[in-house]
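Working notes, structure below.
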Amino acid sequence: MLDDVTVINIREYLSGKNDNDLGEEDLSEILSDFSCLKNTDVEHFLKSNAIEFTKKNQSVTYLVFHNEDASLVGYFTLAVKPISVSADKFSNTIKRRIARVSQLDEESNTYTLSAYLVAQLGKNFADGVMRE
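Per my numbering, residue 8 is the first one in the sequence shown, and the count goes up by one each step.
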């Protein structure tokens, strides 16, 4: 299944360095064909927010293209968000491991660390793009 698709970070479009590269206008045109009537928020995010959120380093969106005809079949957006976990629930061994990648708030006895969040996930339902 993974051989059937190619995943592209939209930063590749936004970092076009010469006239042969695809740029933001090309990216916007590709995104304009995306349709997700089952969840209009997913469609709205991709068309209206994905580019700006990527530029501001709030998240990064990856487009999924089918290799056979280069159609956009879907996308996903990742964000890095802080999470807090109570230190009370962990053994000393786990606390030492968590301490390497987090910060302990001694007052609340919680660790704060970064985690990847799948912020958006969408499938393209536009005519001619539906795939099983």
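Just so you know, even glycine gets a beta-carbon here, dropped at the ideal spot from N, CA and C.
Where residue i falls: helix, strand or coil (DSSP)
| i | result |
| --- | --- |
| LEU29 | coil |
| SER91 | strand |
| LEU175 | Past the boundaries of the shown model lies residue 175; the chain is included only from 8 to 139, so the question cannot be answered. |
| ASP48 | helix |
| SER39 | helix |
Start and end residues, alpha helix (DSSP H) containing residue i
| i | result |
| --- | --- |
| ASN74 | Premise fails: ASN74 is in no alpha helix (DSSP H) and is neither H nor E. |
| ASN99 | 99-106 |
Residue span of the beta strand (DSSP E) that contains residue i, given as start and end
| i | result |
| --- | --- |
| ALA57 | From DSSP, ALA57 is part of no beta strand (DSSP E) but of the alpha helix (DSSP H) over 57-62. |
| ASP112 | 109-112 |
Residues bridged to residue i [DSSP beta-bridge criterion]
| i | result |
| --- | --- |
| VAL14 | VAL71 |
| THR84 | THR68, GLN127 |
Assigned exposure category for residue i - 16 Cβ within 10 Å defines buried
| i | result |
| --- | --- |
| LEU34 | buried |
| SER22 | exposed |
Contact test: residue i Cβ vs the ligand MG heavy atom, cutoff 7 Å
| i | result |
| --- | --- |
| LEU79 | Because no ligand of any kind appears in the structure shown, any question about the ligand MG cannot be addressed here. |
Item to check | Inter-stretch contact at 8 Å, needing at least 3 Cβ pairs: the stretch 122-136 / the stretch 71-85 | outcome: Touching, yes.
Item to check | Inter-stretch contact at 8 Å, needing at least 3 Cβ pairs: the stretch 28-41 / the stretch 63-79 | outcome: Counting C-beta pairs with one atom in each stretch, the stretch 28-41 and the stretch 63-79 have three or more that are closer than 8 Å, which means they touch.
Next on the checklist: Under 8 Å, with one C-beta from each stretch per pair, do the stretch 54-68 and the stretch 100-116 reach the 3-pair mark?
Outcome noted: no
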